[in-house]
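Engineer: Before I ask anything, here is the structure I am working with.
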Amino acid sequence: MAYVYVGPQRVGVAAGDLVRLGSVISAANAAARVSTTQLLAAGSDEVSAAIAALLGEHGLAYQVISAQVASFHQRFVQALSVGAGAYAAAEATNASLVQTLMQGALDVINAPTNAVLGRPLIGDGMNGAPGTGQAGGPGGMLWGNGGAGGSGGPGQTGGAGGAAGLIGNGGAGGAGGVGVTGTTGPAGQVGGIGGTGGAGGAGGRGGLLWGNGGTGGVGGIGGTGGVGGPANAAGVVGAGGPGGTGGLGGAGGAPGLFGTAGHAGADGTHGGSGASGGTGGGGGGGFTTIWRDDFTGSAGSPVNGSNWLYDLGHGYPGGASNWGTGEIESMTNSTNNVYLDGNGHLAIKPIRDASGNWTSGRIETQRTDFAAPTGGVLRIEASIQQPDVNTTNGKGYWPAFWALGDAARPVGASNWPSIGELDIMESINGRSSVFGTVHGGTAPGGPFNEFNGIGSGERPVTGAQTSFHTYAIELDRSTSVEQLRWYLDGNNYFTVNANQVPAADWNNATHHGFFVILNVAMGGGFPNAFGGGPTVATLSGQPMLVDYVSVSTKG
Numbered sequence: 001m002a003y004v005y006v007g008p009q010r011v012g013v014a015a016g017d018l019v020r021l022g023s024v025i026s027a028a029n030a031a032a033r034v035s036t037t038q039l040l041a042a043g044s045d046e047v048s049a050a051i052a053a054l055l056g057e058h059g060l061a062y063q064v065i066s067a068q069v070a071s072f073h074q075r076f077v078q079a080l081s082v083g084a085g086a087y088a089a090a091e092a093t094n095a096s097l098v099q100t101l102m103q104g105a106l107d108v109i110n111a112p113t114n115a116v117l118g119r120p121l122i123g124d125g126m127n128g129a130p131g132t133g134q135a136g137g138p139g140g141m142l143w144g145n146g147g148a149g150g151s152g153g154p155g156q157t158g159g160a161g162g163a164a165g166l167i168g169n170g171g172a173g174g175a176g177g178v179g180v181t182g183t184t185g186p187a188g189q190v191g192g193i194g195g196t197g198g199a200g201g202a203g204g205r206g207g208l209l210w211g212n213g214g215t216g217g218v219g220g221i222g223g224t225g226g227v228g229g230p231a232n233a234a235g236v237v238g239a240g241g242p243g244g245t246g247g248l249g250g251a252g253g254a255p256g257l258f259g260t261a262g263h264a265g266a267d268g269t270h271g272g273s274g275a276s277g278g279t280g281g282g283g284g285g286g287f288t289t290i291w292r293d294d295f296t297g298s299a300g301s302p303v304n305g306s307n308w309l310y311d312l313g314h315g316y317p318g319g320a321s322n323w324g325t326g327e328i329e330s331m332t333n334s335t336n337n338v339y340l341d342g343n344g345h346l347a348i349k350p351i352r353d354a355s356g357n358w359t360s361g362r363i364e365t366q367r368t369d370f371a372a373p374t375g376g377v378l379r380i381e382a383s384i385q386q387p388d389v390n391t392t393n394g395k396g397y398w399p400a401f402w403a404l405g406d407a408a409r410p411v412g413a414s415n416w417p418s419i420g421e422l423d424i425m426e427s428i429n430g431r432s433s434v435f436g437t438v439h440g441g442t443a444p445g446g447p448f449n450e451f452n453g454i455g456s457g458e459r460p461v462t463g464a465q466t467s468f469h470t471y472a473i474e475l476d477r478s479t480s481v482e483q484l485r486w487y488l489d490g491n492n493y494f495t496v497n498a499n500q501v502p503a504a505d506w507n508n509a510t511h512h513g514f515f516v517i518l519n520v521a522m523g524g525g526f527p528n529a530f531g532g533g534p535t536v537a538t539l540s541g542q543p544m545l546v547d548y549v550s551v552s553t554k555g
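In the UniProt record's numbering, the protein residues as written are 1 to 555.
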């Protein structure tokens, strides 16, 4: 029996080449047709005319033969192309037949082990379904590669690669799922952090006798940060949230007795930041901004002197010592303590020197006329990241954002508390929380329960030391009963109504202008009430960061 080896693809390529060659020859013949069949006589004599006629007859004969050759060439190419197609069809039929026969044989061979152990004797394992984190199926007990793990769902771990049997390679681990998108931020606040990408699945074990371990799955990409919050009442739009962390790559599979361990999967990349929130309409909830500082400036520069003035030392001139609270730091105007960080933030940093003495910063707005219009609303707001300390290394820290009645400035606050104090944000000892308080009336005691004031108590603030949060107060004189409302990230968490105290005391505390104060105190009565400080374990140099301060009115 004779055996013939034919490559259908090569035959098809040859046919195509012949088509192109025939086209070139036909084009050349056509170009030469006129010049070789219609020659002009060199002269008017009979000999020249006879020679021209003879050469023209030869040209015509060549064109006739060329046409016959072209026809033969076309039929040959057609036959060659048909033959290539026939060979390819026969090959596909044979391959399908062989595959069917082989699969049938494997089904017979694998039937006993599938029935008893749920695993074939010979053959590759099934791949896990994409997006499910399903593990790849094991390879055949005797021979076969493990199936690849399925990719993980959003933020989920990819499926592990299937293990090989006696001989074969472990399956690749599935890729970790992409982290979920962060939540949309509250009004005026940063969007939520994108979710962490899922870890890649582990590679499957190589065959017990021979085989390489499977490659670990790639970690999932971190989720996109959440969209920043829409404009809040002061018209401030939230920035997009940071992208999530990429997932860890999966571990490579263990090798067989003879084989190589699988490579670990690559870690996923971080997700992208979210988009900023949309601009609020109509001046942001009807409020009009009357004063604002975004603290733009080069790193290490002082605050804008047209907006702020510095408080110095241990108290107002002629006022109570240690600022009337027992705090121990000395306030300075040094850019070591109060400065712009170059990233659009104010930093107020308490520092302990070699002798154990503390310095810090306290600034007040130059303006003292921030007042609620009659029948209207005053809103004072800031975005703040508290000093990065905790209850172990932060004892004594007392960051604050607050306002005093305008009558306090000329007399060094000696008329406190009747002129009113609005504590918008106070936190102590690294407790990840906020206190909101109003002071007024007389001290001690009186309608505002001085020296404690009327307060919200401690409210938790998740991530107070590692991210910015918005703290705000509204003095509302538009309601039938006037109110003070405290907000954390746009949520009203505490309210004081005017009818909780005598009308005269309420009016004295609220019906006038205010100036805003930012400071970080160290020690004093408030930290002492929650464990004291500072101590030798208290960290020096952890600043309070302020992204902006805004004052707005409505009505």
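Heads up, the beta-carbon is just placed ideally off N, CA and C, and yes, glycines get one too.
If you count every other CB in all the chains shown that lies within 10 Å of the CB of Gly133, and 16 or more means buried, which is it?
Structural biologist: Gly133 is buried by the Cβ-count criterion.
Engineer: Excluding sequence positions up to five away, which residues of its chain have a Cβ less than 7 angstroms from the Cβ of Asp294?
Structural biologist: These residues qualify, in order along the chain: Gly344 and Tyr548.
Engineer: Does the Cβ-Cβ distance between Phe448 and Gly441 come in under 7 angstroms?
Structural biologist: It is a contact, given that the beta carbons lie within the stated cut-off.
Engineer: Tell me whether Pro543 sits in a helix, a strand or coil according to DSSP, three-state version.
Structural biologist: Three-state DSSP puts Pro543 in coil, outside helix and strand.
Engineer: Once you ignore the five residues that flank residue 600 on each side, which residues in its own chain have a CB closer than 7 angstroms to its CB?
Structural biologist: No answer is possible for residue 600: it lies beyond the span of the chain, which begins at 1 and ends at 555.
Engineer: Could you give the distance in angstroms between the alpha-carbon of Arg119 and the alpha-carbon of Gly203?
Structural biologist: Their Cα atoms are separated by approximately 19 angstroms.
Engineer: Any contact between the segment 292 to 306 and the segment 483 to 503? By contact I mean 3 or more CB pairs, one from each, below 8 angstroms.
Structural biologist: As far as the Cβ criterion goes, the segment 292 to 306 does not touch the segment 483 to 503, which means the pair count is below three.
Engineer: Determine the burial state of Pro387: buried for a count of at least 16 other Cβ atoms within 10 Å of its Cβ, exposed for fewer.
Structural biologist: Counting Cβ neighbours within 10 Å, Pro387 comes out buried, since at least 16 surround it.
Engineer: Please specify which runs of the alpha helix (DSSP H), each continuous and at least 4 residues long, are wholly inside the segment 471 to 508, giving them in chain order.
Structural biologist: The qualifying runs do not exist here; there are none.
Engineer: Throw me the rounded Cβ distance for the Gly176 and Val218 pair, which I believe falls under 8 angstroms.
Structural biologist: About 7 angstroms separates the two Cβ atoms, so the contact holds.
Engineer: What is the DSSP secondary structure of Val218, counted as helix, strand or coil?
Structural biologist: In the structure shown, Val218 sits in coil (DSSP, three-state: anything other than H, G, I, E or B).
Engineer: In three-state DSSP terms, what is Arg119?
Structural biologist: Reduced to three states, the DSSP call for Arg119 is coil.
Engineer: Count the other CB atoms, across all protein chains shown, that sit within 10 Å of the CB of Leu475; report buried if there are 16 or more and exposed otherwise.
Structural biologist: So Leu475 ends up on the buried side.
Engineer: Could you say which of Ile428, Phe401 and Gly430 lies nearest to residue 565 if we only look at CA atoms?
Structural biologist: Examination of residue 565 is not possible in this model, given that the chain is present from 1 through 555 alone.
Engineer: Give the DSSP-derived three-state secondary structure of Trp323 in the structure shown.
Structural biologist: The answer is helix: DSSP assigns Trp323 an H, G or I state.
Engineer: Using the C-alpha atoms, what's the distance from Pro186 back to Gly326?
Structural biologist: Near 37 angstroms, if we compare the C-alpha coordinates of Pro186 and Gly326.
Engineer: Near Thr495, what residues of its chain come up, given a Cβ to Cβ distance below 8 angstroms and the 5 sequence neighbours on each side ignored?
Structural biologist: Counting only Cβ-Cβ distances below 8 angstroms, and skipping sequence neighbours, we find Gln483, Leu484, Arg485 and Trp486.
Engineer: Could you check which residue in Gly356, Thr392, Val411 and Pro350 has the C-alpha nearest to that of Trp398?
Structural biologist: Here the closest residue by C-alpha is Pro350.
Engineer: Going by CA-CA distance only, name the one from Gly146, Arg409 and Asp107 that's closest to Gly206.
Structural biologist: The residue with the shortest Cα to Cα distance from Gly206 is Gly146.
Engineer: Near Gly198, which residues of its chain fall below 6 angstroms by C-beta distance, leaving aside the five closest residues on each side in sequence?
Structural biologist: Same-chain partners within the cutoff: Gly152, Gly155, Gln156, Thr157, Gly176, Gly177, Gly220 and Gly247.
Engineer: The beta strand (DSSP E) with Gly525 in it runs from where to where?
Structural biologist: Careful: Gly525 lies outside any beta strand (DSSP E), inside the alpha helix (DSSP H) at Gly525 to Asn528.
Engineer: Rounding to the nearest angstrom, what Cα-Cα distance links Gly555 and Thr374 in this structure?
Structural biologist: Rounded to whole angstroms, Gly555 to Thr374 spans 8 angstroms at the Cα level.
Engineer: Do you know how far the Cα of Gly161 is from the Cα of residue 623?
Structural biologist: The requested residue 623 does not occur in the structure, where the chain is confined to residues 1 to 555.
Engineer: Tell me whether the beta-carbon of Ala172 lies closer than 7 angstroms to the beta-carbon of Gly150.
Structural biologist: Against a cut-off of 7 angstroms, the Cβ pair of Gly150 and Ala172 comes out as no contact.
Engineer: Identify the residues that DSSP records as bridge partners of Ala400: which are they?
Structural biologist: Paired residues: Glu426 and Asn519.
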